[in-house]
Ligand SMILES: C[S@@+](CC[C@H](N)C(=O)[O-])C[C@H]1O[C@@H](n2cnc3c(N)ncnc32)[C@H](O)[C@@H]1O
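Put into C-alpha cells, the structure is as follows:
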C-alpha cells in the first residue's frame, strides 16, 4: 500500500513536492513534538483528566469511524499512536492500521508502545502522503489539523480525501473555539502551548474546510466537555 517508504525509514521531508494531492506542500512544521515525545503520553493523559479522560475521547473517534475487521485505516499525524492502537483493535490482524507523522521521535515512542502485526508507522508529511489513491477505508486525524497552517490544512484534507475509497469515512477531532466561561478559561491555558495556526483554523472553521475539500455528509459532534469537536465526513 505504501508507495515509497517502509516502517522506520524517512520519506522525503518537509516541503517536498510530488505527484499527489495539490503537488505542493506548505513547508510549515513546528518540531517541538520531537523534543517532548517521551513526555507526550503522560502530559496528554493528565491534561485529559480535567475534561473526562483521554480514552473516552479516543473511543468516541473510533466509534464514529465505524471500523470493521479487515479494513485499512490511516491515522494522519498519529503522534505516539494511541488512537492507532484502538483503531487497530477494530481492524483486527486481517486489516491494516497505518500511522503517519513528521516526527520520528513521536513515531519511535509509538513503535515501542504498539506491537501489533497490523500496525505500521511511517514518517511522512500529511500534505503529501506516500500512498496510492483510494488505499484506505477510513482516515482519521486527532489533535493535529490545528498544528498546520492554512495551505497545510488544505493540502492535508485534500490528501485525506484522495486516499479514501469511495464511500469511505474521515473523522477529524480537534480543538474547538471556546464558547462558555469554563472553556474560555481552560483554553487560555491550552493556548500557552499553541501557535497562531489554532486561531487560524478557528477563523476558517474546520467544518467549512472539510466541505471545501469535497467531503460530504458532514456531521459535527462536541466532545471532551466542549473543548473539542469531532467532524465525520464521507467521500
Ligand atoms: C498534538 S500531536 C497529536 C498526535 C496524535 N494525533 C494524538 O491524537 O495524540 C500533533 C502531531 O501532529 C504532527 N504533525 C504536525 N504537522 C504534521 C504534518 N504536516 N505532517 C505529519 N505530521 C504532522 C506532529 O508531529 C505531532 O505528532
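In my numbering, the protein residues as written are 8 to 242.
All C-beta atoms, glycine included, are put in the ideal place defined by N, C-alpha and C.
Source: prediction; values computed, not measured.
Ligand 1 heavy atom lying under 7 Å from the CB of residue i
{"i": "residue 223", "result": "no"}
{"i": "residue 92", "result": "no"}
{"i": "residue 89", "result": "yes"}
{"i": "residue 36", "result": "yes"}
{"i": "residue 108", "result": "yes"}
{"i": "residue 210", "result": "no"}
{"i": "residue 220", "result": "no"}
{"i": "residue 53", "result": "no"}
{"i": "residue 40", "result": "yes"}
{"i": "residue 262", "result": "It is not possible to answer for residue 262, since the shown part of the chain is limited to 8 through 242."}
{"i": "residue 113", "result": "yes"}
{"i": "residue 154", "result": "yes"}
{"i": "residue 86", "result": "yes"}
{"i": "residue 60", "result": "no"}
Cβ neighbour criterion (16 or more within 10 Å) applied to residue i
{"i": "residue 141", "result": "exposed"}
{"i": "residue 222", "result": "buried"}
{"i": "residue 186", "result": "exposed"}
{"i": "residue 70", "result": "exposed"}
{"i": "residue 196", "result": "exposed"}
{"i": "residue 239", "result": "buried"}
{"i": "residue 129", "result": "buried"}
{"i": "residue 66", "result": "exposed"}
Residues that DSSP places opposite residue i in a beta bridge
{"i": "residue 235", "result": "182 and 230"}
{"i": "residue 177", "result": "146 and 240"}
{"i": "residue 82", "result": "106 and 147"}
{"i": "residue 171", "result": "143"}
{"i": "residue 223", "result": "241"}
Point to revise | Length-filtered (3 minimum) beta strand (DSSP E) runs lying within the segment 91 to 148 | key: 103 to 108 and 126 to 130
**Study point:** 4-residue-minimum alpha helix (DSSP H) runs that sit fully inside the segment 30 to 72, ordered along the chain
**Key:** 39 to 55 and 61 to 72
**Study point:** Start-end ranges of the alpha helix (DSSP H) lying completely within the segment 187 to 218, minimum 4 residues
**Key:** DSSP runs (the alpha helix (DSSP H)) wholly in the segment 187 to 218: 188 to 197 and 203 to 211.
Practice item. Please determine if the segment 119 to 139 and the segment 89 to 109 are in contact, where contact requires at least 3 C-beta pairs separated by less than 8 Å. Key: yes
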